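For the record, the sequence lines run as chains L and V. Everything in the first sequence is counted per the working numbering, starting at 1 for the first residue and increasing by one. Everything in the second sequence is counted per the working numbering, starting at 1 for the first residue and increasing by one. For every residue, glycine included, the Cβ atom is placed at its ideal position computed from N, Cα and C. Please read these numbers as outputs of a predicted model, since none were measured by experiment. One structure below.
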Amino acid sequence: MEVYLDNNATTMVDPKVFEEMKPFFCDIYGNPNSLHRFGAGTHPKMVEALNFLYEGINAADEDDIIITANATESINTVIKGVWIDKILNGDKKHIITTEVEHPAVTAACRFLQSQGVAVTYLGVNAEGTIDAQQVKDCIKDETALVSVMWANNETGKIFPIKEIGQICRDAGVLFHTDATQAIGKIPVDVQDCNVDYLSFSAHKFHGPKGIGGLYVRKSCALTPLLHGGEQMGGLRAGTVDVASMVGMGWAMKLATSTMALAYEKNHISKLRDKLESAILELPDTIVIGGTENRTPNTTLISIRGVEGESMLWDLNQKGIGASTGSACASEDLEANPVMNAFGSDSELAHTGVRFSLSRFTTEEQIDYAIEVIKNAVTRLRGISSSYAYAPASHASGL
Amino acid sequence: MAKNDLISGSIWDEYSNQVVERMNNPKHQGEITEERAKELNAKLIIADFGAESCGDAVRLYWAVDESNDKILESKFKSFGCGTAIASSDVMAELCVGKTVDEAVKITNIDVEHALRDNPDTPAVPPQKMHCSVMAYDVIKKAAGEYKGVDMESFEEEEIICECARVSLATLKEVIKLNDLKTVEEITDFTKAGAFCKSCIKPGGHEEKDIYLVDILKDTRASMEEEKLKTAADASASGQASFDKMTLVQRIKAVDSVIDSDIRPMLVMDGGDMEIIDIKENLPHYDIYIRYLGSCSGCASGSTGTLYAIESVLQQKVDENIRVLPI
Numbered sequence: 001m002e003v004y005l006d007n008n009a010t011t012m013v014d015p016k017v018f019e020e021m022k023p024f025f026c027d028i029y030g031n032p033n034s035l036h037r038f039g040a041g042t043h044p045k046m047v048e049a050l051n052f053l054y055e056g057i058n059a060a061d062e063d064d065i066i067i068t069a070n071a072t073e074s075i076n077t078v079i080k081g082v083w084i085d086k087i088l089n090g091d092k093k094h095i096i097t098t099e100v101e102h103p104a105v106t107a108a109c110r111f112l113q114s115q116g117v118a119v120t121y122l123g124v125n126a127e128g129t130i131d132a133q134q135v136k137d138c139i140k141d142e143t144a145l146v147s148v149m150w151a152n153n154e155t156g157k158i159f160p161i162k163e164i165g166q167i168c169r170d171a172g173v174l175f176h177t178d179a180t181q182a183i184g185k186i187p188v189d190v191q192d193c194n195v196d197y198l199s200f201s202a203h204k205f206h207g208p209k210g211i212g213g214l215y216v217r218k219s220c221a222l223t224p225l226l227h228g229g230e231q232m233g234g235l236r237a238g239t240v241d242v243a244s245m246v247g248m249g250w251a252m253k254l255a256t257s258t259m260a261l262a263y264e265k266n267h268i269s270k271l272r273d274k275l276e277s278a279i280l281e282l283p284d285t286i287v288i289g290g291t292e293n294r295t296p297n298t299t300l301i302s303i304r305g306v307e308g309e310s311m312l313w314d315l316n317q318k319g320i321g322a323s324t325g326s327a328c329a330s331e332d333l334e335a336n337p338v339m340n341a342f343g344s345d346s347e348l349a350h351t352g353v354r355f356s357l358s359r360f361t362t363e364e365q366i367d368y369a370i371e372v373i374k375n376a377v378t379r380l381r382g383i384s385s386s387y388a389y390a391p392a393s394h395a396s397g398l
Numbered sequence: 001m002a003k004n005d006l007i008s009g010s011i012w013d014e015y016s017n018q019v020v021e022r023m024n025n026p027k028h029q030g031e032i033t034e035e036r037a038k039e040l041n042a043k044l045i046i047a048d049f050g051a052e053s054c055g056d057a058v059r060l061y062w063a064v065d066e067s068n069d070k071i072l073e074s075k076f077k078s079f080g081c082g083t084a085i086a087s088s089d090v091m092a093e094l095c096v097g098k099t100v101d102e103a104v105k106i107t108n109i110d111v112e113h114a115l116r117d118n119p120d121t122p123a124v125p126p127q128k129m130h131c132s133v134m135a136y137d138v139i140k141k142a143a144g145e146y147k148g149v150d151m152e153s154f155e156e157e158e159i160i161c162e163c164a165r166v167s168l169a170t171l172k173e174v175i176k177l178n179d180l181k182t183v184e185e186i187t188d189f190t191k192a193g194a195f196c197k198s199c200i201k202p203g204g205h206e207e208k209d210i211y212l213v214d215i216l217k218d219t220r221a222s223m224e225e226e227k228l229k230t231a232a233d234a235s236a237s238g239q240a241s242f243d244k245m246t247l248v249q250r251i252k253a254v255d256s257v258i259d260s261d262i263r264p265m266l267v268m269d270g271g272d273m274e275i276i277d278i279k280e281n282l283p284h285y286d287i288y289i290r291y292l293g294s295c296s297g298c299a300s301g302s303t304g305t306l307y308a309i310e311s312v313l314q315q316k317v318d319e320n321i322r323v324l325p326i
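Spelled out as C-alpha cells, the structure:
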C-alpha cells in the first residue's frame, strides 16, 4: 500500500481540477492577451477562476488578487515592494517577522538586512506560536511592515492573525500574512482579519504547481517584482498560465467550500488524531508544539531515540511518505529553524517526524501507517545508542 | 553552478547498495555485555561519541583480548541517519580481528571506501561524508579507553577537513608547491572541502576553528612575504635574476639599462621613451613602452629602433624580454 502523508509539502492535483485544466493545453491555447478568438476564448474561464479566488478568501471587488508563479514570488513581491516603496524612498527602515516563517520570508528579510534594513525576528513560545502583544511591543515609528504566517508548515500551529491585523491597523503599519498552509484547511477571511497582503500557492490545496496568488488590499501600494507587459494591471508582467490559473481557481473553490472545510475539521482531524494517538501510545513520544490550535491535517511528533531521516527511510521502504526537518534529511544539512526555534530541547530538532494528511487520505491508509510506524520505531530504537531499549516497557505499546 | 546542480534529486538515490543493505540490515548492531566479554576472556570497552542533540551519536563496544590487544568482537549502537548506521556497521566490522593499534589507523575514508559498490563511485553523496567521521572518532575514543589515554593522543596532525582527512601541514604544502590561488584548486588537489563543505568557510554544517579560506589567505600572504624577502636578499647581494625580481625591481633594472644604453641614442634624435608596464606572459616578459618626442610617429619605432631596444634589453637584462610599443 502507498500512503502519502506529506501534504504540507505538496498535494495531489484534485482530478476535478485537472479536468477543468485540460482544455487549456491543446484546445483553448491562445495567448490570453491576444485580440483574436483563440486568445479571447480563454477569458470566461479566467474570470471564473479569479472569482473563485476572491470568494475563497473573501476579497472585496476593489482589492487585487495578482496571479504569480508561487507563494515565494508573492512573498518576495510584498517584502521587496515595501522595501522599495516605503524604505528606500522613506524613513521607515524596520520590518517585524518571526523565526519560524518559510524561507521565502526569512531569506528575503535577510537580503533586506544586507541592504541596511532592520529586521526583528520574533521567537515562538513553547506552543510554537507568538502572542500578538509581542508584535505590538516591537512596533516603532520606523516599522514599515509586519509579516507573520497564518499557519506553520511544520507544526500546523495557527497564529493570532486577527489580533495582529488589528494591532497593525491601529498602528498604521502594513500587515502581510503567508497563508500558504492555511487555505483549504481552515477558514481564511481577509476582511475579518485586517490583512493588507496575503500570499498563497495552489499546489498546497490540490491545485497545480507553479502558480500562486497575492492578495493586495485596496489602496495598499504594490511595486511589481517583474516588469514587462501589462498583464495583471501592470502589477505582474508575464503571460498568465491559463491552465494553471483555471486549476488554481477550481482548487480554491473546492478546498474552501463550506463542505470541504467541514470535512477537514471533522473527518481529517479525526484521522490525524487517530494516527497521533497511536504513536503517542509508544513511550517517549510527544507532539511538538502541543495539540491545541493547529490545522486539522498536521502533526509533528518527536520519537525519542529515533533520528528523523532513519524513520523516513523505514517508512519509505513500506510505501509511506512523510517528512522531517532534521539536519540529515535536507540538502543543506542545516537543522530545521522551526524545530530550533523551540530552543529548550535541541534533541527535538533531530527526532521530529511530520505527518500531514489531506482530504484524500483514507482510514485504511492510516491504519496501515500506524502498523508500519510502530514496527519502524521498534527496529530503530533497537539500533539506537541514545535510547535505553527495554522490550518489556514496549510490550503494551508495540 | 553547473547543469547537474540545477535540479537536485533525492540524496537517497546516491547511496550505494551496500549503504542501503547495511541500513536495512546492520550486521554488527547490538551490544556486548560483561557476561559475553567474560565468556571470551576479554576486556569490555564501551565508547560513546556525539550526542543526540547534535543529530549523531554512536556507541562502540569492543571485546579485547588483553594478551595480544586483539579485538575479538565489535558491535555498535547508533542514533543517526541511514549513512551513520551503515558506516557504524562497517566500522565495527573493520575492527574485528585487528589489534587496538591497528584499529586506530582505520579512517573514515576507509569506512566510506568499504561501503562502495565499485571503487570509483562514492558510497554516499558529499554532504553525507560527515556521518562516517563519527565512526573514525569513536574508534579513537575506544582505543583511548582501552589504553587509558586521551583520544586526541592518537591524532598526530591538525586535521582541517575531517571528511577527507587532510591536515593543515598538507594544505600549506600543497598551496605553496602548486601556487594554488583558489579554494576550488585546493579541493581539486587534496579533496579537502569536497564533501560536507563545512571546512571551506564559516556558516557550514559544523563550526571549525580554522577554514580553508583562512589557510589559503594566510599561506598566500606568507608566500608573498617569502618572495619579497628572497628578492630583497638577492638584490642586496647583487645576485637577483630577472625572474626572481619583484615588479618594482624589474622596472628599476629595465629603466637602468634604458638610461645607460638606449635613452642617449634616442635623445640624440630628439626623441625619448617611457615604460608603461611589465607583464609576465611566461616564458616571456612583455615590456610595454611609449615613444616620446620625435620617436612617436617615427616609422622605425616599430622596426629598426624597436629591434635595437629589444635586443639591448635581452642581452643586458633577460633573454625572454619582448618590447611592445603602444
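A direct Cα-Cα distance of roughly 28 Å separates L:T299 from V:Q127. Annotation for V:E39: no beta strand (DSSP E) segment contains it, though the alpha helix (DSSP H) segment containing it runs E34 to E39. Within the same chain, K172 and I175 come within 6 Å of V:T219 by CB-CB distance, once the 5 residues on both sides are set aside. Within the same chain, Cβ atoms closer than 8 Å to the Cβ of V:T121 are found at S16, the five residues on either side in sequence being excluded. With the criterion set as a beta carbon lying under 7 Å from some beta carbon of chain L, the members of the region 73-91 of chain V are K77, S78, F79, G80, C81, G82 and I85, in sequence order.
At a cut-off of 8 Å between C-beta atoms, L:H203 does not count as an interface residue with respect to chain V. With respect to V:V133, V:G82 sits apart: the two C-beta atoms are not nearer than 8 Å. Using a 10 angstroms sphere on the CB of V:I7, the tally of other CB atoms stays under 16, which defines it as exposed.
The C-beta of L:H350 comes closer than 8 Å to at least one C-beta of chain V. In this structure, V:A2 sits away from V:I32, with a CB-CB distance that is not shorter than 8 Å.
Among the CB atoms of chain V, none fall inside 8 Å of the CB of L:G228. As for any alpha helix (DSSP H) of minimum length 4 sitting wholly inside the region 274-327 of chain L, the runs are 308-317, ordered along the chain.
Residue environment analysis places V:K105 among the exposed positions, since fewer than 16 neighbouring C-beta atoms fall within 10 angstroms of its C-beta. In this chain, V:Y211 is not harboured by any alpha helix (DSSP H), its DSSP state being neither H nor E. Residue pairing by DSSP places L:R354 opposite L:L300 and L:S323 in a beta bridge. Shown here for V:E206: same chain residues with a beta carbon closer than 6 Å to its own, the five before and five after excluded, namely S198 in chain order.
By the Cβ criterion, the region 242-249 of chain V is not in contact with the region 263-270 of chain V, since fewer than three pairs of Cβ atoms, one from each stretch, lie closer than 8 Å. Residue environment for L:T239: exposed (fewer than 16 other C-beta atoms within 10 angstroms of its C-beta). Counting of Cβ neighbours within 10 angstroms places L:C193 among the buried residues, the total reaching 16 or more. Counted as a single uninterrupted DSSP element, the beta strand (DSSP E) harbouring V:G50 occupies residues K43 to A51. Inclusion of V:I200 and V:I160 in the CB contact set at 8 Å is not warranted, their separation being larger than that value. For the region 113-134 of chain L, the set of residues with a beta-carbon nearer than 8 Å to any beta-carbon of chain V is empty. Around L:I288, no beta-carbon contact reaches into chain V at under 8 Å, the shortest distance being about 15 Å. With fewer than 16 other beta carbons inside 10 angstroms of its own, L:E2 counts as exposed.
Between the C-alpha atoms of L:G289 and L:P103 there is a straight-line separation of about 20 Å. For L:S74, the nearest beta carbon of chain V is not closer than 8 Å to its own beta carbon.
Listed by position along chain L, the residues whose Cβ is nearer than 8 Å to that of V:V58 are S385. Assignment of V:K98 by DSSP, reduced to helix, strand and coil, places it in the coil class. Around L:M245, the same chain offers M46, A49, I67 and I211 as residues with beta carbons nearer than 7 Å, after the five sequence neighbours per side are excluded.
Interface annotation, L:E281: not in contact with chain V, CB-CB separation never under 8 Å. Ranked by how close their Cα comes to the Cα of V:N68, the residues V:T187, V:Y146 and V:M23 have V:Y146 in first place. When DSSP states are grouped into helix, strand and coil, L:Y4 belongs to the strand group.
The C-alpha of V:R263 lies about 14 Å from the C-alpha of V:S296. Listed in chain order, the non-local C-beta contacts of V:R290 below 8 Å within the same chain comprise M273, E274, I276, S296, P325 and I326, local neighbours out to five positions each way being set aside.
Not flagged as an interface residue toward chain L: V:M223, since no C-beta distance is shorter than 8 Å. Under the 8 Å Cβ criterion, the region 364-384 of chain L counts as touching the region 273-284 of chain L, having at least three qualifying pairs.
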